[in-house]
Amino acid sequence: MTGRDGMVESLIYTKPVSLTERATHYCPGCTHGISHRLVAEVIDEMGRRETTIGVAPVGCSVFAYDYFNMDFAEAAHGRAPAMATGLKRVSPDRLVFTYQGDGDLASIGAAEILHAAGRGENITVIFINNAIYGMTGGQMAPTTLPGQKTTSTPSGRDIEMHGFPLKMCEILSQMDGAAYIVRRSLHDVAHIRKAKKAIRQAFEVQEQGIGFSMVELLSSCPTNWGISAQEALTWVEEHMVPAFPLGDYKVHASINAGKKG
Amino acid sequence: MTGRDGMVESLIYTKPVSLTERATHYCPGCTHGISHRLVAEVIDEMGRRETTIGVAPVGCSVFAYDYFNMDFAEAAHGRAPAMATGLKRVSPDRLVFTYQGDGDLASIGAAEILHAAGRGENITVIFINNAIYGMTGGQMAPTTLPGQKTTSTPSGRDIEMHGFPLKMCEILSQMDGAAYIVRRSLHDVAHIRKAKKAIRQAFEVQEQGIGFSMVELLSSCPTNWGISAQEALTWVEEHMVPAFPLGDYKVHASINAGKKG
Amino acid sequence: MASGYIEIDEELCKGCELCTTVCPKDLLEMALDRFTPKGYHPAELVDPEGACTGCAICSVICPDAAITVYRFVPAEKAGVS
Amino acid sequence: MASGYIEIDEELCKGCELCTTVCPKDLLEMALDRFTPKGYHPAELVDPEGACTGCAICSVICPDAAITVYRFVPAEKAGVS
Amino acid sequence: MQTEIIISGFGGQGALFAGQLLAYTGLDHGLHVTWFPSYGPEMRGGTAHCTVILSDDEIGSPVVKNPSAAIVMNIPSLEKYEPLVASDGVLVVNTSLIDRHATRQDIDIIEVPANEIAEELGEKRLANLVLTGALIERLGVLTIEQVGKSLGNHIPEHRRNLLESNREALQRGAEIAQRAVQPG
Amino acid sequence: MQTEIIISGFGGQGALFAGQLLAYTGLDHGLHVTWFPSYGPEMRGGTAHCTVILSDDEIGSPVVKNPSAAIVMNIPSLEKYEPLVASDGVLVVNTSLIDRHATRQDIDIIEVPANEIAEELGEKRLANLVLTGALIERLGVLTIEQVGKSLGNHIPEHRRNLLESNREALQRGAEIAQRAVQPG
Amino acid sequence: MGKELLKGNIAFAEAAIRAGCEAYFGYPITPQTEALEHMSRRMPELGRVFLQAESEIAAINMVYGAACAGVRVMTSSSSPGVSLMMEGLSYIAGSEVPVVLVNIMRGGPGLGNIAPSQGDYNQIVKGGGHGDYKPIVLAPATIQELIDLTFEAFDLAEKYRTIVVVLADGSIGQMMEPAELPPMQPVRAFDGRPEWALTGAVDRTPNVVSSIYIDPVEEEIFNLKLVEKQKQIEAEQVRSHKLWMDDAEIAVIAFGTAGRIAQTAVRDARSQGLNVGLLRPISLYPYPYDSVREVAEQVQRILVVEMNGGQMLDDVRLAVEGRVGVDFYGRMGGVVPLPDEVYEQIQKTYAQRANGR
Amino acid sequence: MGKELLKGNIAFAEAAIRAGCEAYFGYPITPQTEALEHMSRRMPELGRVFLQAESEIAAINMVYGAACAGVRVMTSSSSPGVSLMMEGLSYIAGSEVPVVLVNIMRGGPGLGNIAPSQGDYNQIVKGGGHGDYKPIVLAPATIQELIDLTFEAFDLAEKYRTIVVVLADGSIGQMMEPAELPPMQPVRAFDGRPEWALTGAVDRTPNVVSSIYIDPVEEEIFNLKLVEKQKQIEAEQVRSHKLWMDDAEIAVIAFGTAGRIAQTAVRDARSQGLNVGLLRPISLYPYPYDSVREVAEQVQRILVVEMNGGQMLDDVRLAVEGRVGVDFYGRMGGVVPLPDEVYEQIQKTYAQRANGR
Ligand SMILES: Cc1ncc(C[n+]2csc(CCOP(=O)(O)OP(=O)(O)O)c2C)c(N)n1
Ligand SMILES: Cc1ncc(C[n+]2csc(CCOP(=O)(O)OP(=O)(O)O)c2C)c(N)n1
Ligand code: SF4
Ligand code: SF4
Ligand code: SF4
Ligand code: SF4
Ligand code: SF4
Ligand code: SF4
Ligand SMILES: [Mg+2]
Ligand SMILES: [Mg+2]
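Chains as they are written, first to last, in our numbering: chain A, 145 to 405; chain B, 145 to 405; chain C, 16 to 96; chain D, 16 to 96; chain E, 534 to 717; chain F, 534 to 717; chain G, 9 to 365; chain H, 9 to 365.
Next up, the structure:
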């Protein structure tokens with residue numbers, strides 16, 4: 145409709161079709177919501193909503209299937225990569241992705257993610273690293289930083305007792321089957337935009353059958369960190385980014401590769 | 145006793161005390177026997193037979209406890225690192241080691257080994273990589289080489305179907321908690337000697353409380369490879385060594401470090 | 016003259032305040048005078064001078080996809096309809 | 016004069032032949048004339064000329080710790096008793 | 534004699550703590566008590582409620598169908614619990630977040646603008662205690678003084694500095710309850 | 534009529550294959566059969582044995598306590614099965630690896646230097662068939678010809694070139710059994 | 009197609025293939041490994057999916073994933089491996105996708121040994137995973153039955169959207185016996201996948217497969233739906249095999265391998281003039297309670313034979329309800345009872361038959 | 009020490025500490041996580057071992073390892089997490105090391121929900137792991153009982169070298185109730201560890217802890233040893249609680265939370281003049297069959313109440329053996345029955361009491 149001064153009103157941004165209308169149960173300011181949005185936007189843009197199957201984890205994003213407007217399965221805790229493998233093998237022309245938290249992927253599901261990557265399983269993994277077990281109320285995750293207080297490390301993560309944070313990009317990039325392994329952050333607009341590009345790339349890697357792709361997203365959990373949404377993003381930037389360097393850890397030769405950062 | 149020509153007979157080598165008298169059930173020429181011997185020799189030399197606790201895996205070496213002359217536990221398949229963690233945490237001044245095959249450690253037990261390394265669990269892992277599931281009769285292991293025929297990859301391991309061999313040293317050396325991660329081979333006398341040195345180093349790392357140590361030993365399985373013991377060693381040299389490069393993958397700064405090879 | 020504006024869906028907004036920190040024109044505020052059905056103070060566009068450019072930066076950070084962004088573009092540049 | 020010799024425990028030897036491939040003096044052979052209790056032909060030291068140096072290389076590769084190695088050393092070099 | 538109280542609201546509104554306070558008070562004053570929460574951050578964003586039972590006899594079930602009293606802190610809680618309160622029971626409604634009236638005629642309904650009062654007291658998280666004060670005033674099982682005393686015994690160390698404003702919140706709630714007209 | 538045969542030796546001596554051959558022969562010639570192995574390379578270095586049952590009726594248990602016949606290929610097998618063979622049963626002993634004699638008087642004992650014969654035939658892995666030939670000769674349930682024929686039907690492709698030496702091994706075993714003096 | 013001499017493990021794997029099984033995920037474990045090995049050769053050659061998983065946990069969750077896509081899928085394992093599948097099985101039950109599992113049981117507990125056992129009866133039949141659910145459990149006693157039940161298992165799994173477990177012991181996995189394989193069924197086309205399956209939401213609202221019902225009331229409704237389904241299964245799928253029961257004064261009850269061993273013993277007893285009958289339950293869930301009850305009403309005493317410490321025994325006693333005495337003979341830890349031992353027990357039970365409970 | 013208001017999860021964790029528990033390994037899961045959190049604070053401050061494992065599988069195998077060293081060790085979890093422990097538990101049973109497990113059950117199957125449930129009765133009591141074994145299973149109904157049973161569990165585990173499971177539902181884990189904690193027991197010194205333990209073979213022949221008996225005959229001997237031990241446990245450890253049974257015409261049987269809810273309902277019924285009694289089994293293994301039998305001999309009808317689809321029901325029926333009719337009232341999927349509902353069921357059973365089975 146043409147408006148004043150010969151200008152027309154143009155819709156620049158609205159909720160992607162790959163998300164349902166439903167309000168999420170996430171806490172205010174939780175970056176799970178941003179991740180959902182980015183994935184949905186990418187799937188919208190690729191025109192794959194009807195040919196994508198998602199696998200939800202056990203974690204705060206357990207109800208992801210209520211928010212993504214596409215076929216979805218709910219996995220057992222940590223087993224999403226195995227479930228996705230089953231789905232993908234029998235439906236190779238569907239896009240299959242898992243959406244997993246750090247407890248789910250790096251702790252209980254460590255074997256499944258390692259082997260999915262090792263097999264070069266042609267799936268995409270969206271990995272939400274918020275350095276905590278969100279859903280169960282804030283216990284230590286494998287990615288919890290040294291010294292970080294959680295409900296199961298009340299005096300801060302003691303590396304003598306609980307060891308060091310696991311760096312999943314670094315580990316999985318060692319796998320020959322891994323095609324695209326990158327880490328991005330959601331702590332500000334610029335980084336969110338980069339994260340979206342990486343998600344797009346990851347799904348394209350799958351579409352082209354190049355192999356296993358994973359995008360790790362440094363994320364916030366204001367509720368269990370006990371700070372505001374904005375403070376939480378600052379915490380991501382100031383504490384998580386140094387501990388989990390952003391970058392492209394593995395980019396298969398046949399990908400029109402992006403650069404570090 | 146003084147003999148002819150003023151010479152005395154001196155015992156140069158005999159079965160180590162840390163091994164029992166029992167004959168093993170291993171197939172003729174199987175390098176499990178060599179690994180056992182090396183570990184036992186090292187424990188003898190360190191004088192730790194009485195203060196060492198071993199953990200046997202499920203695999204051909206399931207009866208390791210019959211052959212090692214020391215306290216031993218038998219773990220569930222793949223869970224030796226968790227069991228060793230339990231043992232070590234409540235008896236921190238004991239030497240605790242696991243002895244694990246590639247199926248046990250790299251397949252079903254992938255999560256447990258990854259996390260033991262990540263925690264910097266102060267245990268030693270002897271990892272027998274023979275590129276096959278010996279005990280169950282020769283199925284594909286995570287370390288089976290591309291193209292290698294096994295009873296579950298009858299036309300050779302197809303990387304499209306089963307992905308790439310897992311390189312555990314490369315993966316585990318990514319863990320901050322890992323103190324000593326090296327790969328050696330048992331295919332000839334010179335390499336066997338190097339392997340022993342590494343095993344010694346690994347136990348010393350534990351004794352000094354530096355962190356997680358693992359020695360991967362490229363090994364043979366003449367029975368399931370269907371070749372003679374000698375041919376099997378040649379196969380290790382010619383096929384496994386190129387695929388799994390020997391070397392020191394992680395040597396913690398506080399270790400009087402050895403060099404590559 | 017505003018070259019854009021946004022709408023905030025109050026069913027979705029959880030009052031996290033993130034959008035208010037990123038708007039380059041500082042046009043977003045929390046509506047402390049009311050609650051959303053979920054009990055939060057929603058964000059609202061306060062743009063008396065029509066400064067919103069429709070840059071969509073706010074929507075990039077909104078975790079709840081609560082923000083819809085419109086821009087006024089020259090008719091010739093706009094897509095069909 | 017032999018400067019060493021070995022003993023092979025036939026309860027342990029499984030006839031894998033590995034020792035026979037590594038002896039620098041080529042002194043080890045499989046005893047095809049007999050079986051061990053487990054049914055293998057054991058290895059044996061065939062050293063008519065006393066060439067064994069007691070170098071212990073054979074024992075390094077033996078998977079079954081079946082080989083015991085002795086060496087003749089000057090009395091003064093030998094340890095106590 | 535057994536009194537069952539349900540306190541229900543959004544997660545974060547302090548329903549669980551208010552219930553614990555009542556349970557502690559009961560225990561401190563010689564009653565059998567149970568406190569039973571709806572639990573689990575796995576239900577993030579949903580409602581949180583707890584059931585407190587105060588009794589002079591051994592308590593069987595820690596849950597009941599028809600409680601003697603309920604505090605409802607949001608609309609879903611009102612919808613769920615208004616019909617369940619036992620006849621002649623007490624229903625305390627947080628009008629700050631509930632824009633409709635309870636309709637039952639056979640129970641004692643107290644409307645409390647708890648959030649507003651709490652904000653007046655300078656600490657919006659005190660709404661739960663305002664409501665609790667109102668309930669206690671009408672329930673007749675424990676007194677505001679008893680609750681205030683137990684609060685002093687059991688308040689977590691790091692919140693001890695807030696003890697006075699907590700007691701004030703209880704008091705303000707009680708006052709509202711005194712002023713409110715009894716229905717029927 | 535039901536005949537139960539146990540064949541036992543070290544792993545690798547071909548006890549399992551010999552048993553399968555008997556089962557195939559039974560099947561090819563209209564009998565009910567079962568073949569039941571001790572299994573699992575998890576018992577590397579232990580003994581391997583199998584039980585074959587040939588019957589003109591439905592077979593219940595695939596295992597029995599007192600078999601009609603046994604082939605024992607090493608000392609542990611002799612010790613285990615000699616006492617178990619049913620009275621009037623047949624026991625075939627591989628004297629190449631067993632340096633003592635079986636002692637039972639109520640069974641038919643055949644001593645066969647199977648490894649030596651096999652090595653004469655140029656293929657030491659044929660000892661199992663030499664022993665099988667001896668058993669068949671005495672058992673009276675199947676004939677050497679039948680077994681030889683079934684061997685032709687079921688021998689794996691890659692071993693087909695060995696068919697003739699396999700048959701020869703059976704034959705040699707049978708000859709020994711013909712020559713051997715019946716005890717008692 | 010005539011009878012071939014088939015080893016149990018190969019037989020059930022091939023039967024699954026013939027039933028149109030489109031994907032197999034598994035992990036080696038004695039005494040079922042030959043099934044995995046057979047699949048590793050056959051599935052790729054038929055253009056179907058074979059994958060050796062990194063563990064039984066991964067295997068059952070891959071199975072779960074493939075089942076969500078609406079294909080016929082199976083796994084097989086043995087006791088310790090099956091223990092690792094308990095969480096996955098509970099999830100599968102909680103989301104009603106059809107799955108076939110073959111458990112070739114071995115001696116336990118723990119690592120135990122690899123010998124034939126029936127020690128997982130309770131685990132499989134009573135529910136080793138958390139929560140209320142019951143898989144259909146079928147217990148073959150011969151290779152032919154193993155083939156037929158595995159073949160049918162896929163139909164049952166789909167008909168009821170349930171787990172079907174074929175429960176056999178190591179001797180059935182390892183034994184060779186003549187049997188006939190069914191003809192090859194075609195694999196279902198992508199378009200023919202069930203409407204609830206995750207195939208991509210083309211022209212329809214999205215499908216979700218989940219085992220969550222966060223509201224207990226909804227979970228209860230779901231649980232009651234499962235109960236309803238169980239009632240239907242109990243009405244339709246009870247199977248057992250009776251032999252020589254007509255004039256029996258005592259009955260032997262045994263399943264699987266114990267059943268066929270008992271059959272020999274009962275035949276021997278018959279030939280000695282003892283009036284003994286045999287009841288061999290084939291479906292362990294749904295359990296043939298009615299048949300056992302009928303037997304209990306007819307005979308004077310019952311002997312239960314199992315290769316465990318007396319697990320099915322409870323189900324027998326639930327049906328007998330004290331009507332007659334129930335004796336038990338069990339061998340544990342991988343020991344397979346011999347017909348002679350069972351025969352001896354039959355004699356004892358027979359001698360006791362007039363003595364009541 | 010007087011009574012404190014204690015939350016179930018904190019209470020059992022602290023009770024374990026008081027019992028001299030030297031090591032805790034666990035993984036967070038609602039509704040038991042507060043126990044792990046309590047341990048994470050208390051154990052290090054007491055110089056004992058706390059470790060958050062990477063999974064329940066790792067947790068149970070760490071427990072297994074520590075148990076081999078002869079220390080008092082425990083883990084706790086909830087239904088799906090417990091399913092993952094089945095292999096480990098079977099191994100532990102197969103090697104006879106003492107271990108304490110607390111299962112705070114939630115609604116299932118699958119991910120289900122986090123509400124209180126008794127849906128794991130079969131899994132825990134009948135054996136969710138492979139092979140023949142039976143852990144001692146204790147089911148508290150109050151926080152005090154939870155404390156006392158957890159405290160005692162360590163003694164029992166060591167006395168019989170067995171697994172002891174404290175089986176409770178989410179409401180017991182989450183509820184606060186006044187209770188008294190036992191005094192602190194000292195932790196055993198290294199030198200005082202049992203002689204079978206893996207402590208290093210100083211001046212003795214090596215110890216081995218293993219669950220392998222590769223020879224079935226030896227495995228059977230081991231199995232029979234477990235059976236013997238079970239007989240001893242069955243003779244010594246049966247526990248149940250009877251209320252108002254003296255003149256009861258019908259009885260309600262229920263355990264744990266269902267038991268205390270039933271207690272309210274029975275009291276209400278009594279106050280209405282109905283002659284109703286209550287039997288609350290406390291040990292689920294060994295099950296109080298004799299008490300149930302006595303009850304069945306006394307009353308005219310029985311009502312079983314559970315928070316599942318009727319799992320303990322089978323054990324009741326095994327004891328009742330058809331003597332009287334047994335009614336069942338169950339709520340599933342995390343729904344906690346209210347006393348009023350149970351009261352209604354009591355009325356029905358009461359009305360039916362003269363009508364036989
Ligand atoms: C087998 C099992 N163990 C434990 C749990 C409890 N649990 C639910 S979510 C979760 C961790 C979630 O953390 P993460 O994966 O980091 O996701 P987040 O909530 O932080 O997004 C745990 C331990 C479970 N549901 N199942
Ligand atoms: C839970 C479980 N799954 C499978 C098995 C069967 N199993 C025994 S050993 C083994 C693999 C052994 O291979 P590896 O670890 O490489 O040891 P190797 O025999 O080659 O030394 C398997 C799969 C088992 N015992 N338990
Ligand atoms: S608990 Fe943390 S991760 Fe979970 S929804 Fe809330 S903020 Fe997000
Ligand atoms: S099967 Fe292989 S690994 Fe096992 S004992 Fe024999 S040679 Fe060694
Ligand atoms: S579109 Fe741009 S200018 Fe307008 S409110 Fe959003 S961020 Fe501010
Ligand atoms: S970012 Fe979104 S949810 Fe947050 S305050 Fe702004 S509009 Fe509301
Ligand atoms: S000691 Fe040396 S020389 Fe003597 S036999 Fe052995 S390898 Fe040969
Ligand atoms: S290496 Fe050892 S086992 Fe092998 S033949 Fe020589 S002595 Fe025998
Ligand atoms: Mg997280
Ligand atoms: Mg191996």
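All C-beta atoms in this analysis are idealised placements derived from N, C-alpha and C, irrespective of residue type, glycine included.
Spatial neighbours of residue i in its chain, beta-carbon cut-off 6 Å, leaving aside the 5 residues before and after
i      : result
Y170/B : H176, G177
R465/B : With chain B covering only 145 through 405, there is no way to say anything about residue 465/B.
Check whether residue i and residue j have beta carbons under 9 Å apart
i      : j      : result
L668/F : G706/F : yes
V626/F : I642/F : yes
Residue i (DSSP reduced to helix, strand or coil)
i      : result
E44/C  : strand
I407/B : An answer regarding residue 407/B cannot be provided, because it is not within the stretch 145 to 405 covered by chain B.
D246/B : helix
G16/G  : helix
R114/H : strand
Check: residue i C-beta below 8 Å from any heavy atom of ligand 3
i      : result
T164/B : no
Any non-hydrogen atom of ligand 4 closer than 8 Å to residue i Cβ
i      : result
S317/A : no
Proximal residues to residue i (C-beta, below 7 Å), its chain only, five neighbours per side dropped
i      : result
Y211/A : L163, T164, R166, T168, H180
S179/G : P124, T265, V344
* Asked: Any contact of the region 56-64 of chain H with the region 31-40 of chain H, i.e. 3+ C-beta pairs under 8 Å?
  -> A contact is defined here as three or more CB-CB pairs under 8 Å, and the region 56-64 of chain H meets this definition with respect to the region 31-40 of chain H.
* Is the region 259-266 of chain G touching the region 315-332 of chain G in the sense that three or more CB pairs, one from each, lie closer than 8 Å? -> yes
* Spell out a yes or no on whether the region 213-221 of chain B and the region 207-222 of chain H are touching, meaning 3 or more CB-CB pairs, one atom from each, closer than 8 Å. => yes
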